[in-house]
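S.K.: Chains F and G, in that order, give the protein sequences. So in the numbering used here, the last one in the first sequence is 331, and the numbering has no gaps at all. So in the numbering used here, the last one in the second sequence is 331, and the numbering has no gaps at all. Here a beta-carbon is modelled for each residue, glycine too, at the ideal position from N, C-alpha and C. First the structure, then my questions, so here it is.
Protein chains: 2
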Amino acid sequence: MELQFLGTSSGTPTKTRNVAGVALRSADGWVLVDCGEGTQHRILRTNLSPHTLRAIFITHLHGDHCYGLPGLLASAGLLNRTAPMAIVGPAPLERYVRGVMDTTALQLPYPVEFIDVADAGRATLLSDLAVTATALSHRIPSFAYGFTEKAVERKLDPARLAAVGVPRGPLWGALQSGLDAVLPDGRTVRPADVLQPPRRARRIVIAGDNDTPELLGDAVRDAHVLVHEATYTEAVLEKVGPGPQHSSALRVARFAREAAIPNLVLTHFSPRYQDSQGPLTLADVEAEARAEYAGNLFLARDLARLALDKEGMLSELASPEA
Amino acid sequence: MELQFLGTSSGTPTKTRNVAGVALRSADGWVLVDCGEGTQHRILRTNLSPHTLRAIFITHLHGDHCYGLPGLLASAGLLNRTAPMAIVGPAPLERYVRGVMDTTALQLPYPVEFIDVADAGRATLLSDLAVTATALSHRIPSFAYGFTEKAVERKLDPARLAAVGVPRGPLWGALQSGLDAVLPDGRTVRPADVLQPPRRARRIVIAGDNDTPELLGDAVRDAHVLVHEATYTEAVLEKVGPGPQHSSALRVARFAREAAIPNLVLTHFSPRYQDSQGPLTLADVEAEARAEYAGNLFLARDLARLALDKEGMLSELASPEA
Chain F
10 MELQFLGTSS GTPTKTRNVA GVALRSADGW VLVDCGEGTQ HRILRTNLSP
60 HTLRAIFITH LHGDHCYGLP GLLASAGLLN RTAPMAIVGP APLERYVRGV
110 MDTTALQLPY PVEFIDVADA GRATLLSDLA VTATALSHRI PSFAYGFTEK
160 AVERKLDPAR LAAVGVPRGP LWGALQSGLD AVLPDGRTVR PADVLQPPRR
210 ARRIVIAGDN DTPELLGDAV RDAHVLVHEA TYTEAVLEKV GPGPQHSSAL
260 RVARFAREAA IPNLVLTHFS PRYQDSQGPL TLADVEAEAR AEYAGNLFLA
310 RDLARLALDK EGMLSELASP EA
Chain G
10 MELQFLGTSS GTPTKTRNVA GVALRSADGW VLVDCGEGTQ HRILRTNLSP
60 HTLRAIFITH LHGDHCYGLP GLLASAGLLN RTAPMAIVGP APLERYVRGV
110 MDTTALQLPY PVEFIDVADA GRATLLSDLA VTATALSHRI PSFAYGFTEK
160 AVERKLDPAR LAAVGVPRGP LWGALQSGLD AVLPDGRTVR PADVLQPPRR
210 ARRIVIAGDN DTPELLGDAV RDAHVLVHEA TYTEAVLEKV GPGPQHSSAL
260 RVARFAREAA IPNLVLTHFS PRYQDSQGPL TLADVEAEAR AEYAGNLFLA
310 RDLARLALDK EGMLSELASP EA
């Protein structure tokens, strides 16, 4: 499973950061969580294709999370996509998109299916990932989406194979693929007798705008990664006041520590934080988070790729700027 | 008067070209013609500001000409713009924008005034420019906007001043500013007696998508510059067929020659034309236009700046990539 960030700024784009969008790649393709204006421009700089995009999840209907949706849908049409596109999100997502399509004469050569966030868990949505949705606290309804591997491959345990006496050969393959095997001496061996315990299914939770990280307590219980906004540092949040209903780096990091989340990715930074030089920089955000959280911490950058390995460890990949 | 191109691709953005948008600077600020997705991202790379943007003109409601509008309006709001914004365009422009605002909880700290294209000529719209709108031929209603200087400064003619015998001094200033002057000998001199003939007011016409350049015959009669789409070369247009209702470089260039337009800017190129190498390049578009048109020809590039001097000559300025 791999994340690639297509936008990491909040509210408005900057020269180095676009507004919200993150791609999640898995075995069967990729999904997009949020689609701020210019997401399709960022996609042009990746090896992601609108043809292999399986579904789009919108966390909430603020413009910096959804104004790129009509353009991405239009461009997928101009690229002759024919596969249906599922778009998941809270109301009034469908009214927003249909309204734009109606007023701008946008006709698509593929069907779009709108799925209310309440139905995000439907089993047939993604072949290889189970989806959860968790309500957050923001100025308008906002949600976190969780993605969990549906199937986890299991490996044969050589020691147990030897102890039971399964001869090397086709019986190993049968057991590996979940079939019982009958040994030459007539005994029946079940896969559970000779397979290693399954690893934990990987789970990534990607949250929308939210001023109360604690709402994610249940959602992150088995999660390896939480991607959460840290729009402000605590000092700026206190100056801005609670009106915008965003989180500070401190509050998210404290929650991640208390919830024992092994990998934390902060994103959705206020444009007041410069990348390097300036009165306020991302280094301030990072320092505040590190003071609370000793886990594996990342501050998202546009186009950065983060891979989650089967041991549940998140690490950054080289991301060639195309 | 100066043009700066914010997008020069048709349909979808490419790595080097955004979708439609062009800024026109004049004495009193700047106006934007079309606002495809990502226009605000391009503005970040210019010295244009959403604070000094006086009005937005939308040629037609296809997405590659208007999907950047909600995001630009939202960002101007986050920048605390308070001045009213006029948005001119054909129906259903207001329904499109209001629908997006309603469904995405977009509230602006400044008033937006929607002006139907039929009222584009209202005298109070721009202080220094008179605006015309001309209906074109496309799949949906599409228009060209013409911008003409309202006032043209006039210079005193030293030979005529000497012949009439106006003494150097405050009387010159009075005559220059349009007042009659009474000479020491009692004669009254009128400005028309001593001013040089006025130069022609500069006029720039920026057209939306259009398959019939000849519809612009009246609009360009006194124009110094025509900016027009040349989506295809003629060979590609014939292969694609008339369905998309776009122009070829050949058809636009031929019209510009017949209409004796001194400066022609082609834009809105199909992404199939590469900037340099490839089976189809912009050089093909340029060659086709040059074969028909011997005037001052430009192929627009993103962020390129073209200045129209008072003699009606268009020339490219250095455009520092910020």
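Between which two residues does the beta strand (DSSP E) holding G/Ile52 run?
M.R.: Careful: G/Ile52 lies outside any beta strand (DSSP E), inside the alpha helix (DSSP H) at Thr48 to Ile52.
S.K.: May I ask you to list the residues that DSSP assigns as paired with F/Trp39?
M.R.: Answer by DSSP bridge pairing, in chain order: F/Arg34 and F/Leu62.
S.K.: Measure the alpha-carbon distance for F/Ile270 versus F/Trp39 and round it to whole angstroms.
M.R.: About 24 angstroms.
S.K.: Can you tell me whether DSSP reads G/Arg205 as helix, strand or coil?
M.R.: Residue 205 of chain G is actually Gln in this sequence, not Arg. Correct three-state label for G/Gln205: coil.
S.K.: Counting only C-beta atoms, is F/Ala358 closer than 7 angstroms to chain G at any point?
M.R.: This structure cannot settle anything about residue 358 of chain F, because the visible part of chain F is limited to 10 through 331.
S.K.: Helix, strand or coil for G/Asp137? Go by DSSP, reduced to three states.
M.R.: Looking at G/Asp137 - three-state DSSP - the assignment turns out to be coil, as it is neither helix nor strand.
S.K.: What residues of chain F sit near G/Ser84, judged by a beta carbon separation below 7 angstroms?
M.R.: Under the 7 angstroms cutoff, chain F gives Thr21.
S.K.: Do G/Leu224 and G/Leu145 come within 7 angstroms of each other at the CB atom, strictly closer than that value?
M.R.: For G/Leu145 and G/Leu224, yes; Cβs fall inside 7 angstroms.
S.K.: Beta-carbon of F/Arg263 versus every beta-carbon of chain G: anything under 7 angstroms?
M.R.: So, not an interface residue.
S.K.: Tell me whether G/His277 sits in a helix, a strand or coil according to DSSP, three-state version.
M.R.: Of the three classes helix, strand and coil, the one that applies to G/His277 here is coil, per DSSP.
S.K.: If the cut is a Cβ gap below 9 angstroms, which residues of chain F does G/Lys24 touch?
M.R.: Near G/Lys24 (Cβ distances below 9 angstroms), the residues of chain F are His50, Leu53, Arg54 and Ala331.
S.K.: Which whole-angstrom value describes the C-beta separation of G/Phe264 and G/Thr17, a residue pair presumed to lie in contact below a C-beta threshold of 8 angstroms?
M.R.: Rounded, the Cβ-Cβ distance is 20 angstroms, inconsistent with contact.
S.K.: Just to confirm the assignment, what range does the beta strand (DSSP E) spanning F/His237 have?
M.R.: Per DSSP, F/His237 belongs to the beta strand (DSSP E) from Val234 to Glu238.
S.K.: Identify the residues that DSSP records as bridge partners of F/Asn272: which are they?
M.R.: The partner list for F/Asn272 (beta bridge, DSSP) reads F/Val234 and F/Asn305.
S.K.: Pick helix, strand or coil for F/Leu192, following the three-state DSSP scheme.
M.R.: Of the three classes helix, strand and coil, the one that applies to F/Leu192 here is coil, per DSSP.
S.K.: Could you please give me the residues that DSSP links to G/Phe264 through a beta bridge?
M.R.: None; G/Phe264 has no bridge partner.
S.K.: Could you pull out every residue in the same chain whose Cβ sits closer than 7 angstroms to the Cβ of G/Pro22, ignoring the five residues on either side in sequence?
M.R.: Answer for G/Pro22: Val28 and Gly47, listed in chain order.
S.K.: Residues in its own chain within less than 7 angstroms of F/Tyr76 by CB, not counting five upstream and five downstream?
M.R.: The answer, listed in chain order, is Gly45 and Glu46.
S.K.: Among residues of its own chain, excluding the 5 on either side of G/Ala129, which ones have a beta-carbon nearer than 6 angstroms to its beta-carbon?
M.R.: Excluding positions up to five away in sequence, the list reads Val97, Val140 and Ala142.
S.K.: Out of G/Arg131, G/Leu291 and G/Val203, which has the shortest C-alpha to C-alpha gap to G/Leu275?
M.R.: It is G/Leu291.
S.K.: Under 7 angstroms Cβ-Cβ, which residues of chain F neighbour G/Leu87?
M.R.: Chain F residues near G/Leu87: Gly20 and Thr21.
S.K.: To which residues of the same chain is F/Thr55 closer than 8 angstroms at the C-beta, ignoring the five residues directly before and after it?
M.R.: For F/Thr55, where only same-chain residues beyond five positions count, the Cβ hits under 8 angstroms are Gln13, Leu15, Ala32, Leu312 and Ala331.
S.K.: What does the alpha-carbon distance come out to for the pair F/Arg163 and F/Leu188?
M.R.: Taking the straight line joining both Cα atoms gives about 13 angstroms.
S.K.: Starting from the C-beta of G/Arg281, find all residues in its chain whose C-beta is less than 8 angstroms away, skip the five residues before and the five after it, and write them out in chain order.
M.R.: Result list for G/Arg281: Val245 and Leu289, in chain order.
S.K.: Inspect the beta-carbon positions of G/Arg230 and G/Lys319 and report whether they are closer than 7 angstroms.
M.R.: It is not a contact, given that the beta carbons lie outside the stated cut-off.
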